[in-house]
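Visitor: Okay, handing you the structure first.
In UniProt numbering, the protein residues as written are 1 to 450.
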């Protein structure tokens, strides 16, 4: 199904309508043909589009000066006005289509200030957004320099590009300290490895991302923290930040086995259950299993985490430990033994809630996208730079998906191909059933927030 012409016109941007009115398709075809015949580039130095934009901007500057002076160029009304035109001065600005060398008009009293090209401006319309988008996509500052120069003919210094990307630091800080909801039934926590320069060395650190599920089943990225040191001290600071930002109660925190994290959770929210991610637990035990044995071992482990209750799970685990596979891979058995206390909360819940907390996939799908962004980055100069890139990447991914969905407005649901929200604002599948089970398990705590 395609949109009707009337519907297309109703959603057409005003700028496109104006272009159609002033430049018809036939005129544009003639224009492009002439550009091609003369061997003129569209963008970059000597390109046609820079010349067009230059002409429009200079016209706009002259119009601004006329409005400032109060009379047209050559008008005798300007005689004795106390101010007049005073030629032009050269100014170079960087744009999305290349560097533009403009003739900026001046007035004799030096009181003219352009709104179109503000004083001191060296970049115009959208170039900063392009640079931030490239940075969020994983390109280094050096990569961005080369890309702008080769595609747009625009040369920007390393310091300039760095300042543009650093300009979002305040936004990141505001986001990282924004107030949060008082209650999240479920919080997921997962991590990905980032390389951080530490003096003369580059070290691997874990960037932890927390995603909270609100009572409506909507997911929210609560924060990003780079773990500078191991243990309870770091996790105590993370939990304290969340509590100070308004989080008063959490029912279940689903995470991988993290040293000091369960203790920090229990100290901050004493009634919260810390649940080891079952998928992480399976993967951890599989590290000790040879590739050829993985399928049968995985099948032998399944009765443990699909058991109806803790007693049944313990029987299944004992049977696995006493089996041929358990004796062949004692390290896999030990992995489950060591995580048992953090695994068994999962067994107290019904099937709908088990699906929700079975895995931290809500973050793992996000981390998969983020790993693609950081894989070619090398290392970061500090923790703040890593957090900045991850925040920008999340925003960039969500914005891109939103644009793709907007293009399919009016298309029947069954024929839409645009991806849904990755994390922020997405709704947990099957949440209503899981919420019902939570209300049965935690009636007093749930009712006050519903």
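Note that beta-carbon positions come from the ideal geometry of N, C-alpha and C, so glycine has one too.
#1: When DSSP labels each residue in this structure, what does residue 175 get in the three-state scheme?
#2: Can you list, in chain order, the residues of its chain with a C-beta nearer than 7 Å to that of residue 3? Leave out the 5 residues immediately preceding and following it.
#3: Just confirm the distance between the C-beta atoms of residue 90 and residue 101, as a whole number of angstroms; I'd bet it's less than 8 Å.
#4: Quick one: using the 10 Å Cβ neighbour count with 16 as the cut-off for buried, is residue 506 buried or exposed?
#5: In whole angstroms, give me the CA-to-CA distance for residue 26 and residue 32.
#6: Quick check on residue 409: does DSSP put it in helix, strand or coil?
#7: Name the residue from 159, 440 and 45 whose alpha carbon lies nearest to the alpha carbon of residue 99.
#8: What's the call for residue 193, buried or exposed, on a 16-neighbour Cβ count within 10 Å?
#9: Can you tell me the Cβ-Cβ gap for residue 59 and residue 86, rounded? I've got them flagged as a contact below 8 Å.
#10: Under 7 Å: does the beta carbon of residue 70 sit that close to some heavy atom of the ligand PLP?
#11: Name the DSSP beta bridge partners of residue 190, please?
#12: Less than 6 Å between C-beta atoms, sequence neighbours within five positions excluded: which residues of the same chain meet that for residue 9?
#13: Under the three-state reduction of DSSP, which class applies to residue 204: helix, strand or coil?
#14: Could you tell me the alpha carbon to alpha carbon distance between residue 197 and residue 414, rounded to whole angstroms?
#15: Given residue 439, which residues of its chain have a CB within under 6 Å of its CB, disregarding the five upstream and five downstream residues?
#16: Which same chain residues, not among the five before or five after residue 433, have their C-beta less than 6 Å away from its C-beta?
#17: Looking at residue 208 and residue 189, is the spacing between their C-beta atoms short of 8 Å?
#18: Within 10 angstroms of the Cβ of residue 177, are there 16 or more other Cβ atoms? Answer buried if so, exposed if not.
#19: What do you get for residue 16, buried or exposed, if any count of 16 or more other CB atoms within 10 angstroms of its CB means buried?
#20: So, residue 262 versus residue 215, is the Cβ gap smaller than 8 Å?
#21: Would you be able to state if there are at least three C-beta pairs under 8 Å between the stretch 157 to 164 and the stretch 132 to 147?
#22: In whole angstroms, what is the alpha-carbon distance linking residue 435 and residue 134?
#23: If contacts are defined as beta-carbon pairs under 8 Å, then residue 363 and residue 252 qualify, I think. What distance do you get, rounded to the angstrom?
#24: Starting from residue 380, follow its DSSP beta bridges and name the residues at the other end.
Guide: With the given structure in hand:
#1: helix
#2: For residue 3, the predicted model reports a pLDDT of 41, less than 50, meaning its position is unreliable; a value from the coordinates is still stated below. Hits under 7 Å: 410.
#3: 6 Å
#4: What is shown of the chain runs 1 to 450, which leaves residue 506 out entirely.
#5: 10 Å
#6: coil
#7: 45
#8: exposed
#9: Rounded, the Cβ-Cβ distance is 18 Å, inconsistent with contact.
#10: The ligand content of the structure shown is nil, which means the ligand PLP is not present either.
#11: 209
#12: Reliability of the predicted coordinates at residue 9 is poor, the pLDDT of 44 falling under 50, and the value obtained from them is presented with this limitation in mind. Once the five neighbours on either side are set aside, residue 9 has no close Cβ partner at all.
#13: strand
#14: 48 Å
#15: 446
#16: 352
#17: yes
#18: exposed
#19: exposed
#20: no
#21: yes
#22: 40 Å
#23: That belief does not hold up - the Cβ atoms of residue 363 and residue 252 are roughly 14 Å apart, past 8 Å.
#24: 196
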